[in-house]
Structures are given as structure tokens and as C-alpha cells.
Amino acid sequence: MRRLNILFIGALLMAIGCSAMAQEAETEPFIFEQPVLITSIGQSAGAAQAKILALRAGIEYVYEQRATLEQLEGMKTLIVVPGASGKGLGAAGVDIDGELAWATELIDRAEELGIQLIVLHIEGQARRGPSSQLTIDVCAPRATHIIVKGAATEEDAAEMDEVANGNFDFMFSDLAAEYELPISFVGTTLDVVPVLQELFGIEADDE
Amino acid sequence: MSRKLRNVLHYVAVIALAVIVSAVGATAFEPTSHDIRPGPGVHELRWLSDYHPSLKGTPGDTPVYVMQGEEPGGSFLMLGGTHSNEIAGVMAAVLLVERGRVAKGTVYVIPHANNSGTRMNDQSPLTITIDGQTATYYDPYPLEYFEFTTPSGEARAFHYGTRTTQLEDQGIPDPEVYVHAQTGYELTGWESRNLNRAYPGVADGTLTQQIAYGITQLVITEDVNVVLDLHEAPQNYRIADMVICHPRALDIGLFAILDLEAAGLPLKIEQSSEGFRGLSHRELGDHTNAYAFLIESSNPAMNWILDPDANDYPDPLENMGSRVWLDLKALQGLLSTYAMFEPQEDWIELVYPFDLDDLEGAYLGDFLR
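Going line by line, the protein sequences match chains A and B. For the first sequence, our numbering assigns the number 9 to the initial residue and increments by one for each residue that follows. For the second sequence, our numbering assigns the number 567 to the initial residue and increments by one for each residue that follows.
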């Protein structure tokens, strides 16, 4: 009987240990690797902002407003910033359909190369119109991680500037839940910096 | 009436207008004067004609306030009143002249960049194209002046003008199509009187082109490092609360808006378009060494542009403290970020005898002299 108890306790401890390890494995954050290619889907100014955020986070990056497939070579992570700008698309000489086709091709190629995808939405409601939604739909479901400047909850939304809230209708929350994707919400664009540092395992500078 | 006769009458009318314009135009009006009370930060009053003598005595001539820093540094030009009905930019420039001081560098302030536009609010219809849609609207405000009462109880009046150079000042009637002199870029005819479609200007051109030329010459002569042109836009228009940056200045703008957002002032940002010519940020960035920016604060009274059927027009003075705060706070952010990119000998530092954040939501008259 005593032997059984010891075995049971041992098994229990092992089980707890395994469970704890499994839990630890499950909760251990995915660390993204560098270098990073940063580009826009929809040709808004958000990707240029992402470049500044990456610089501030200490990430090794290449920024190209409309990246080529060749620029994916040697990259470990692709950061795309969705958001349609009529002016930006015009300057790039493409329409929204052409942009979406290009984005699909880029992400397909990134997947073939084993490049992880971060979707970064930082331009608030201004980039949540119908065309911008298309740029989100083409990339967000395929993301390894999503970062959104927006409110995660009703309480957060009440405290956030309405125009700045890219998740005002909880679209991103619902999308992340549907596709079981990790998602981070930030209150200001600058708050993206520590999130990127955490995702890339970069220690923040003491200031 | 035959087509031939109609054509003849048309040419006669054009010639008659040209004769009238030349008779009463450039020589009929002097530069409009304004109630601006320079503070201790101002060291010299110049005129735009100091940089382009052909403007002397014309309605396009305008004061240039020179503010010398306590320490040498870079140089900065602020333009208010490019469009004389976008009054927050005018008042931001006035406040800088009256209350600001320069700790480092030299600052040039032109509160009424297109002084001709300030003489009267002509309310004539303008065809405006916004986001590909063209419509004819007019400024519904009968205002000629607006007032602020200062802490001493004095009511001070400021001109409320029109978007363009006055037709009689321009020297020639509006063409059917305005062609930007340097690029051939075409716009509807009245845009020939829009200062912010005329850069870098033409030395012997129309009055509007000459004003643009004078400002460009100032930037070149004084080796200006940073230019900021202050505008306003309808609240619900894409460019409201936006910083527009020449491509060379984009990184400065991007860094600045991150810090400004964290400091409670969220702004949008765009880069100058390659294909939209004649604008200050595009052409001064291309034709001079300056980092060129344009800010659009949101003016609730300009919503008529996007909603021509609206009949309940808000007060053009609404939120004026906050609109001026946006301009000056954004400027502070841009100059701080500019200092990250450029050597210390080119830095520009402005100081005020009050906390800039006190302007947000405040009555602007409380800050004027």
C-alpha cells in the first residue's frame, strides 16, 4: 500500500511536472528573428512609421514601401502594415486589386521561405474603411502575431481617442479569436516599441 | 448671336477687364496693415520685398518678423496666412511674434504670407477638387474681421480674408487653365491666385507667383533649415490634423508624431506628392536646402467645403486656442526631432512665457498682448 502511495505521489509529481513543463512550453512567447522586412499593404504612411518604431526598438530591418519578392531573401520576419491610401496607391501606380494580388504573392513567398509574419495596424480608424479592410483581410488571418493600436475592451475604448482606436468595432479581436492568433493591443503608436522588443527578445534600453 | 460675334465680344470683355485690372490693380492697393504687436523676442521688421524688390508697395508685400536667438543656431521660417481664411495659422504666427522668444537660432515669421488675400473676404465661388470630386462652393462667412479680447479688456481685430490673391491684385484675369510654371502641372484657372500652388514662384510672373518667388528667395538667402506652412482643413477631411512632409523631411516628421502622440497630440502624417505641384512643402523641399513641412489643423467652420448643403455653420473661432496649440506644439515637436538629425550648430529652440499646453481648450485672447 505504502509502495503504491509512493508510486502515486511520484506519478502525480511527474504529471504535475510534465503539465507544468507543457504549460511553460505553451506560454513561452514566440521569439521572432531578425532581419526584418517592413512593407506596406495599401501604401499608407503606416509602414514608414513602422520603420521608425523598428529603429527605436533596436531591430535590424529593411524598409521598402512596396517590397519585391527578391527582398524577402535572407529575411526572418516580414512586418506588413495594412491600410489603403488612395494617394499612396496612385503614387505607386497601382489600384487596390493590384495591391491585393501583390500582397498575396508576397505573403505566399514569405511562407515558402519560412518567414514569420507580423501584421501591424497603427493608423486607427483612418485605415479601417472598406479598401483598408481588404488590405487587412489579405494578411491578418495569415499572421504569426498581430499588433493593433486600439482598445481590447469596452473599458479601454472609453478611455481611448475614438479616431485612434483601430479596434473600435472589435474586428481585430474577433479575427484573432476566429483564427486563434496572438494579438497585442497598444494605446499609442509609440507603445508598439516595447511590444516589438518583447516579440524579438530585445532588452529595452534603460533611459 | 453668331459664334463669331460671341468670340469677338468675349475677347473685348477680356481686354476690357485687363485694362481695368491694370489701371486699378497692382498700383491701386498698398499692402494691408495688421494689428500685430511684436514682443521682446522680435529684433527686426523686414518686408518680403527685401527679398524680391518687385513686390515693394504692392498688395503682395508683407511683413517679415525676425527673431534672433540668444545663441546662434539654425534658421526657421513660419508661414501663416497662405490662405487668409485659415486663421489658426495666422494666429499661431501672431502669438509667436508677440509672446515667443528664440533661445537658439534665428526665426523668420510671416503671419500673412499672402497679404493680398487678407484685404477682403470676397466670397466668390471657387471650384475645388477634393479626392477626385469637383464641386463649386463659396465661403459663406460674411466676416471681414474677427476679434479677441486681451486680458486688459481691449478688443483686437484681425482680418478674415479669402483663400486667394484678390483678382484685381493679380494683374491678369484668371486663365481657363492654370499651368504651374516649372512643371506644366494643370489646375482650374482660379488656382493661379492660390499661393500654395505657385511655388517656387516666378520673378516676373503674376503677383501670386512673385509672392512665392519672394518666399523662396528668403529661404535661399537666409539659408533656412526648416520651413513650416500653417493651414487648416475641414474636420472630416482626410488631411485634417495632419503633418505633410517633403520626402527629405519625412523621417523627422515620423519621429516627431510618435513623441507628439505620446504627449497628447495625435497627428496624421503624409509625404508630399510627386505629382501635385506648386505646394510649399513640395517645391521648397525640392528647390532649397530646407526641411519643408505643412500642418493642417482642423477648422470646424470649414466643413462647408465637404457639405455644401449644410446651413448651420460653426463659428470660425471655435476651438481657436486648441488649433493654435496644435500648430505650436507640433512645431515644438518637429524642431526637437530636427535636432536629433542635425548638428548642434543648426538647432533652433523656441520658448514661451507660458506652458504651451495651457493653450489647449483656452481662450486665445488671454495669451495675446
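Think of the CB as a built atom: it goes at the ideal place given N, C-alpha and C, for glycine as much as any other residue. Keep in mind that this is a model prediction, so the values were computed, not measured.
For residue i, three-class secondary structure by DSSP
i: I914(B); result: coil
i: R843(B); result: coil
i: Y751(B); result: coil
i: Y803(B); result: coil
i: P629(B); result: strand
i: S758(B); result: helix
i: M906(B); result: helix
i: F193(A); result: strand
i: T774(B); result: helix
i: T648(B); result: coil
i: H853(B); result: helix
i: V285(A); result: In the structure displayed, chain A extends from 9 to 215; residue 285(A) sits before or after that span and is not available.
i: P813(B); result: helix
i: E664(B); result: helix
i: K834(B); result: strand
i: Q732(B); result: coil
i: Y187(A); result: helix
i: G927(B); result: coil
i: Y726(B); result: coil
i: R136(A); result: coil
i: F712(B); result: strand
i: Q42(A); result: coil
Cα-Cα separation between residue i and residue j, rounded to whole angstroms
i: P604(B); j: V809(B); result: 27 Å
i: R685(B); j: I676(B); result: 16 Å
i: F595(B); j: G635(B); result: 35 Å
i: G727(B); j: D616(B); result: 24 Å
i: A56(A); j: Q73(A); result: 7 Å
i: A28(A); j: A212(A); result: Low confidence applies here, because A28(A) scores a pLDDT of 41, under 50, leaving its location unreliable and the question unanswered by this model.
i: E107(A); j: A856(B); result: 34 Å
i: L831(B); j: F193(A); result: 20 Å
i: T85(A); j: R64(A); result: 17 Å
i: S839(B); j: V630(B); result: 29 Å
i: G655(B); j: L894(B); result: 9 Å
i: P880(B); j: L45(A); result: 46 Å
i: H649(B); j: A99(A); result: 26 Å
i: H600(B); j: H618(B); result: 21 Å
i: E162(A); j: S863(B); result: 29 Å
i: F208(A); j: M83(A); result: 14 Å
i: E119(A); j: V146(A); result: 14 Å
i: I653(B); j: N760(B); result: 16 Å
i: E827(B); j: L883(B); result: 25 Å
i: G132(A); j: A58(A); result: 14 Å
i: A548(B); j: R722(B); result: Given a span of 567 to 935 for chain B in the structure shown, any question on residue 548(B) remains unanswerable.
i: E683(B); j: V632(B); result: Strictly speaking, residue 683(B) in this sequence is Gly, with Glu absent from that position. Whole-angstrom Cα-Cα distance: 22 Å.
i: Q79(A); j: G94(A); result: 25 Å
i: R665(B); j: P919(B); result: 7 Å
Chain A within 8 Å of residue i, Cβ atoms only
i: I861(B); result: no
i: K622(B); result: no
i: I835(B); result: yes
i: E840(B); result: yes
i: F595(B); result: no
i: F821(B); result: yes
i: E827(B); result: yes
i: P832(B); result: yes
i: L753(B); result: no
i: L824(B); result: yes
Per DSSP, the bridge partner or partners of residue i
i: P619(B); result: Answer is none; P619(B) lacks a bridge partner.
i: I155(A); result: L128(A) and S192(A)
i: S864(B); result: A799(B)
i: Y744(B); result: L753(B)
i: V673(B); result: M633(B) and F642(B)
i: Q79(A); result: Paired residues: none, contrary to the question.
Within-8 Å CB hit, residue i to chain B
i: L198(A); result: yes
i: Q57(A); result: yes
i: A62(A); result: no
i: A148(A); result: no
i: A100(A); result: no
i: I191(A); result: no
i: A23(A); result: Confidence is the limiting factor: at A23(A) the pLDDT is only 42, short of 50, which leaves the residue's position unreliable, though a coordinate-based value still follows. It does not: the Cβ of A23(A) has no partner Cβ on chain B nearer than 8 Å.
Residue i beta carbon near the ligand ADP (any heavy atom closer than 7 Å)
i: L733(B); result: Only the bare structure without any ligand can be found here, which leaves the ligand ADP out of the picture.
At least 3 beta-carbon pairs within less than 8 Å: the stretch 916-934 of chain B vs the stretch 889-898 of chain B | In the pairwise beta carbon analysis, the stretch 916-934 of chain B is classified as touching the stretch 889-898 of chain B: at least three pairs are separated by under 8 Å.
When the Cβ atoms of the stretch 780-788 of chain B are set against those of the stretch 810-825 of chain B, are three or more pairs found closer than 8 Å?
-> The stretch 780-788 of chain B, when compared against the stretch 810-825 of chain B, does not touch it at the 8 Å Cβ threshold.
Answer yes if the stretch 200-208 of chain A comes into contact with the stretch 161-175 of chain A, meaning at least three C-beta pairs across the two stretches below 8 Å, and no otherwise.
-> no
Touching or not, the stretch 75-91 of chain A and the stretch 35-55 of chain A, by the rule of three or more beta carbon pairs under 8 Å?
-> As far as the Cβ criterion goes, the stretch 75-91 of chain A touches the stretch 35-55 of chain A, which means the pair count is three or higher.
Would you check if the stretch 790-801 of chain B and the stretch 638-650 of chain B touch, i.e. whether three or more CB-CB distances between them fall below 8 Å?
-> yes
Is the stretch 664-674 of chain B touching the stretch 905-919 of chain B, taking contact as three or more C-beta pairs under 8 Å?
-> A contact exists between the stretch 664-674 of chain B and the stretch 905-919 of chain B.
Cβ contact check for the stretch 139-157 of chain A and the stretch 176-193 of chain A: 3 or more pairs under 8 Å | Counting Cβ pairs under 8 Å, three or more are found: they touch.
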